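The structure appears below as C-alpha cells.
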C-alpha cells in the first residue's frame with residue numbers, strides 16, 4: 054500500500070500552528086521524506102514515521 058503524508062503545508066515562516074512544508078511517501082515498511090521544511094523531524098515523529 055502506498056500512502057502520501059502531508060507533514061506540513063504551511064507558510065515558509067513557522068508560526069505556533071503552521072510550519073514549513075514537508076511530505077512523506079510510505080510504501081510498506083519504507084518511508085521517504087521530501088520537500089523538507091522547518092520542524093520536519095518533529096512532524097515525522099508525530100506521524101509515527
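In the working numbering, the protein residues as written are 54 to 102. Idealized CB from N, CA, C, for every residue including glycine. In this text, all values refer to a predicted model and were calculated from it rather than measured experimentally.
Put simply, of 87, 72 and 62 the residue whose alpha carbon is nearest the alpha carbon of residue 79 is 87. Annotation for residue 60: 75, 76, 77, 93, 96, 97 and 100 place their beta carbon closer than 7 Å to its own, counting only its chain and skipping 5 residues before and after. In the three-state scheme derived from DSSP, where H, G and I count as helix and E and B as strand, residue 84 is classed as strand. Residue pairing by DSSP puts residue 79 in a beta bridge opposite 56 and 84.
Going by C-alpha positions, residue 84 is about 18 Å away from residue 62.
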